[in-house]
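Visitor:
In my numbering, the protein residues as written are 76 to 176.
#1: Okay, do the region 115-134 and the region 158-169 touch, 3+ Cβ pairs below 8 Å being the bar?
#2: Where do the ends of the alpha helix (DSSP H) carrying residue 86 lie?
#3: Bridge partners for residue 118 per DSSP, in chain order?
#4: What residue from 95, 102, 169, 122 has the CA that sits closest to residue 142's CA?
#5: Any idea if residue 152 is buried or exposed, counting beta-carbon neighbours within 10 angstroms, 16 or more meaning buried?
#6: Just verifying my parser: in three-state terms, what is the DSSP assignment at residue 147?
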């Protein structure tokens with residue numbers, strides 16, 4: 076199973092919501108880094124198939140699951156998390172950083 080940071084410093088959904096508007100290269104890198112950090116080490120496709128139930132359970136509990144495929148990295152998210160990230164207005168980056176302190 077992917078090794079997940081048991082206590083992430085900042086909720087990955089808050090970071091993604093706060094950066095979805097700007098669309099800059101830096102924001103893209105930060106979003107990718109945040110999701111990869113929350114999801115842990117990507118599983119190879121063969122390992123992911125064996126652990127599909129565990130991965131989906133983790134995704135439903137708010138932890139993204141990362142799978143390394145031939146076409147690139149794939150991120151499994153719960154539908155509720157995806158809707159939250161896309162529709163909810165996020166805090167500013169300053170608010171996120173202040174909450175992390």
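Beta carbons: idealized from backbone N, C-alpha and C, even for Gly.
Guide: In brief:
#1: no
#2: Here residue 86 belongs to no alpha helix (DSSP H), and DSSP marks it neither H nor E.
#3: Listed as beta-bridge partners of residue 118 by DSSP are 142.
#4: For residue 142, the nearest C-alpha among the options comes from 122.
#5: buried
#6: strand
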